[in-house]
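First the structure, in the form of C-alpha cells, and then the observations on it.
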Amino acid sequence: MITSNANSQVKDLVRLMRKSRARNEARVFLVEGPRMAGELARDPDWRGRISKIYLSESYADRNKKEQEELRRCAQAEILADPVFAHVSDTKTPQGILAVVRQREYTMNDILGTDAAHAHVAVLEDLQDPGNLGTIFRTAEAAGATGIILSRDCVDVYNPKVVRSTMGAVLRMPFLYVEDLIGTIDELKQTGLRVFAADLSGDRTYDEEDYTSGCAFLIGNEGNGLRKEVAECADHRVVIPMHGEAESLNAGVAAAVLMFEVSRQRRHQADISTEM
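Its first residue numbered 833, the sequence shown is counted upward by one per residue in the numbering used here.
Here is the structure:
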C-alpha cells in the first residue's frame, strides 16, 4: 500500500490529473468513480485500455467483490485514504481511479456509418468543462454521430469534463482540429448542411430541415462564433427567447438544436413506418 504523497506514482497521478500536457504526452486520461470504472471494465473496446487501477484503502476493504472484474483488467494499487484524497479531483473521493489509454478517432468515426445522415456538433473555443461535458451527454442522447472541437477548446480529458459527461466520453467520437474552417469545408464537401447558432440568424432553428446530414456550429461562451467561422455556415439560425435574456448557455443552445434534429428524424421515421 502507498502511504506517502511523495511516492513517484502519486506524483505522476497528480500531474495527470492537473495537466493536459502530461496526459497528452502519456496518451492517457483518468477516470474516477465505480460507475465509469465499471463501465470501462465491461466494454470490450475499453477494457484493454485500462493501464492501472488505484483504490483507496477503505474502498478496497468495503468492496472486494466489485473489484474482481477490474482486477482482471489491470494491476491494482492500494492508496492510503489521505493519499487517495490528495490525488482525487473531487471533494468526496469515491475510492477508485483508473488510468486509461486515450483513443484516436478519425473523420469517418465522426460521420458514422451513414455520412448522408451524419449529425455533428462543431465547437469553437469552448472553455467551460461543465459545458463541454453537457454537450457530450446531450450529443449521445440526441443521436449525434460525433463532435469536432477547435484546438483551443477545453481538454476533453480534463477530469471535470470526463466526470460531467457521465460516461458519454467513452462512447461519443470526437476530433480536435487545427484548421476549423478547413474542416467545416470538408464537412460540406461530404454533403452535410452546416448551421451556425447565431443571434443574427434570419430563421428560427425549427424552420430548417435537419433530416439529412447536418452540422451545428457552437461558439465560445462569452464571444460566440468568430465572424469568419460563422460565415462558413450554409444558414444561420436563432433560438427565439422571451424575457430579457441576451443568449443561452452554449450547452443549452447545443441541446436545443441537437434534440430538434432528433425530433425531426423520429417524426420522419414514423411517417415512413405508416407508409
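The beta carbon of each residue, even a glycine, is placed where N, CA and C say it ideally should be. Since the model is a prediction, treat every value here as computed from it, not as a measurement.
| Check | Outcome |
| --- | --- |
| Check this for me: beta carbons of A873 and R867, under 7 Å apart or not? | no |
| Hey, could you find the ends of the beta strand (DSSP E) A947 is sitting in? | Per DSSP, A947 belongs to no beta strand (DSSP E) and is neither H nor E. |
| Three or more C-beta pairs closer than 8 Å, one from the region 959-975 and one from the region 1079-1099: is that the case here? | yes |
| Cβ of T1043 within 6 Å of any heavy atom in the ligand MN? | With respect to the ligand MN, the structure offers nothing, as it holds no ligand at all. |
| Assuming A1086 contacts I967 under a Cβ cut-off of 8 Å, what Cβ separation, rounded to an integer in Å, is found between them? | 5 Å |
| Per the contact definition of three or more C-beta pairs closer than 8 Å, is the region 890-909 in contact with the region 975-984? | no |
| Quick one: what's G978 bridged to in DSSP? | V952 |
| Using the beta-carbon count (16 or more within 10 Å), is A973 buried or exposed? | exposed |
| Considering only the alpha carbon of each residue, which of Q1021, T1043, E956 lies closest to E1010? | E956 |
| Tell me whether the beta-carbon of R847 lies closer than 7 Å to the beta-carbon of A854. | yes |
| Please confirm whether G865 and Q959 have their CB atoms less than 7 Å apart. | no |
| Is the beta carbon of A1028 closer than 7 Å to that of L1057? | yes |
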